[in-house]
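For my numbering, count along the sequence shown from 1 and bump the result up by 1112. Heads up, the beta-carbon is just placed ideally off N, CA and C, and yes, glycines get one too. If you're wondering where the values come from, they're calculated on a predicted model, not measured in any experiment.
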Amino acid sequence: MFFRKKLNRVLHVKEAEERFEKDIEKTPLEKKDRLAMVLAALIVFVPAVLLVVLVFALVLYFFFFRFL
């Protein structure tokens, strides 16, 4: 079967999670990993938040300030 490892991972979730926990414990974070994760989160979330704020501001503009 081509996807035996993937199939076993899906069927035996508990074992896969335990194996994942062991792998995570073996590989600790390096010196700059935390900074890289924070920067990646900022790159992802800041544009999304700005887009939501822009849409909210446009809705407010069209409802309240358009006819002034």
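Along the chain, where does the alpha helix (DSSP H) containing residue i start, and where does it finish?
i	result
Lys1117	1116-1123
Leu1141	Note, Leu1141: premise wrong, no alpha helix (DSSP H); not H, not E.
Examine the ligand SAH and report whether any of its heavy atoms sits within less than 6 angstroms of the Cβ of residue i.
i	result
Val1150	Questions concerning the ligand SAH fall outside what the structure shown contains, since it holds no ligand whatsoever.
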